[in-house]
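First residue of the sequence shown? That's 1 in UniProt numbering, and the numbers climb one at a time after it.
Working notes for the structure below.
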Amino acid sequence: MKITLVGNGRMGRQIADVVAASGTHVIDRVLDVNDTISAGSFEGTDVIIDFTVRSAFLANYPALVASGVPVVVGTTGWDDVMPQVREAVAVEGSSLFYSANYSLGVNIFFRTLREAARLIAPFEQFDIALSEQHHTGKADFPSGTAIKAAEEILKSNPRKRKVVRELEDGRKLQSDELQVASIRLGSVFGVHSALIDSESDTIELTHTAKNRTSFASGAVRAAEWLVQRHAAAPGFYTMDDFLNDLFSA
Ligand SMILES: NC(=O)c1ccc[n+]([C@@H]2O[C@H](COP(=O)([O-])OP(=O)(O)OC[C@H]3O[C@@H](n4cnc5c(N)ncnc54)[C@H](O)[C@@H]3O)[C@@H](O)[C@H]2O)c1
Ligand SMILES: O=C(O)C1=N[C@H](C(=O)O)CCC1
Numbered sequence: 001m002k003i004t005l006v007g008n009g010r011m012g013r014q015i016a017d018v019v020a021a022s023g024t025h026v027i028d029r030v031l032d033v034n035d036t037i038s039a040g041s042f043e044g045t046d047v048i049i050d051f052t053v054r055s056a057f058l059a060n061y062p063a064l065v066a067s068g069v070p071v072v073v074g075t076t077g078w079d080d081v082m083p084q085v086r087e088a089v090a091v092e093g094s095s096l097f098y099s100a101n102y103s104l105g106v107n108i109f110f111r112t113l114r115e116a117a118r119l120i121a122p123f124e125q126f127d128i129a130l131s132e133q134h135h136t137g138k139a140d141f142p143s144g145t146a147i148k149a150a151e152e153i154l155k156s157n158p159r160k161r162k163v164v165r166e167l168e169d170g171r172k173l174q175s176d177e178l179q180v181a182s183i184r185l186g187s188v189f190g191v192h193s194a195l196i197d198s199e200s201d202t203i204e205l206t207h208t209a210k211n212r213t214s215f216a217s218g219a220v221r222a223a224e225w226l227v228q229r230h231a232a233a234p235g236f237y238t239m240d241d242f243l244n245d246l247f248s249a
């Protein structure tokens, strides 16, 4: 595949390394903040992989989608505009794959968490909260991964109804509120924990990223899958579509 990278930061460079090491694909173009991006920027490329920042993604997604080239998006922090992005993909008949986290390990963590949240739901003695830690260069909080983990808990445990990202002094957390706490620390690649507590015990589920390789190799695998999928059925895809294929194969 000829891959165009949008974003030449920590993740863009990691993807270029993974692609170079694989010897299977090539990086066709690398576009960053000083490039003018339009639908025409992607002519002749097979797939676009975008790891930028919220503001860049909001500015660029109409061009990415209008190019007709399938797009894998790793950029986080734009969940609030998901309906508009889905609509643009449908109108253009293009394909876009989004995951807040392309690591297989994190996606196994999500499924484990979904089950844990379901199992504790009937037992009021068990409370649950989430924490995430990332490097100080990260622009968004909570992490996209933590937002997705929180969605899994809300779906599986009716005792939690809304997410609280920051606590205000003097206000107690309500029992139906799910706290998601964010820490920015040094060069941490990403640590996500679900903390389950009762009077008798604690259960902790933690995923710790040891480097960025699994994010990058997961994004490249998602790109391979999306190129095939786009040819058969263009649309908006997520990790669940990809993993359901992978796990059932
Ligand atoms: N989905 C995943 O698996 C996963 C993994 C790691 C990081 N991320 C997310 O990926 C994103 C990038 O992370 P990073 O650590 O590489 O960040 P980074 O800050 O190192 O890189 C972002 C890059 O985007 C570029 N950029 C800014 N504005 C642009 C524009 N208008 N057009 C094109 N490029 C532009 C910046 O110059 C920079 O090179 C973040 O949102 C992060 O949360 C997702
Ligand atoms: O380093 C980052 O930035 C990461 N961002 C993603 C998120 O917001 O969940 C994935 C983990 C690393």
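Glycine included, every Cβ here is placed at the ideal spot set by N, Cα and C.
In this text the structure is predicted, and so the values were computed from the model without any measurement.
The criterion of a C-beta distance shorter than 9 angstroms is not satisfied by HIS230 and SER103. For the options VAL30, VAL81 and ILE3, the alpha carbon positioned closest to that of VAL69 is the one of ILE3. Using a cutoff of 8 angstroms, the CB of GLY23 does not count as near ligand 2, since none of the ligand's heavy atoms is closer than that. Under DSSP, LEU167 forms no beta bridge with any residue.
Looking at the DSSP output, PHE97 shares a beta bridge with VAL72 and TYR237. Short of 6 angstroms from the beta carbon of ALA121, and not among the five residues preceding or following it, lie these beta carbons of its own chain, in chain order: ASN157. Per the DSSP secondary-structure output, LEU5 pairs in a beta bridge with VAL30 and ILE49. For GLN84, the enclosing alpha helix (DSSP H) has its first and last residue at 82-92. Look at HIS135 here: in three-state DSSP terms it is coil, with no helix or strand label.
Assignment of alpha helix (DSSP H) within the UniProt domain "Dihydrodipicolinate reductase C-terminal" (105-243), counting only whole runs of 4 or more residues, yields 144-156 and 213-232 in chain order. C-alpha of ARG221 to C-alpha of VAL47: approximately 12 angstroms in a straight line. Exclusion of the five residues before and after SER182 leaves GLU132, PHE141 and PRO142 as the residues of its chain whose Cβ lies within less than 6 angstroms of its Cβ. Taking every residue with its beta carbon within less than 5 angstroms of a heavy atom belonging to ligand 2 gives, in chain order, THR76, ALA100, ASN101, LYS138, SER143, GLY144, THR145 and GLY190. Shown here, ASP35 sits in coil according to DSSP, grouped into three states, outside any helix or strand.
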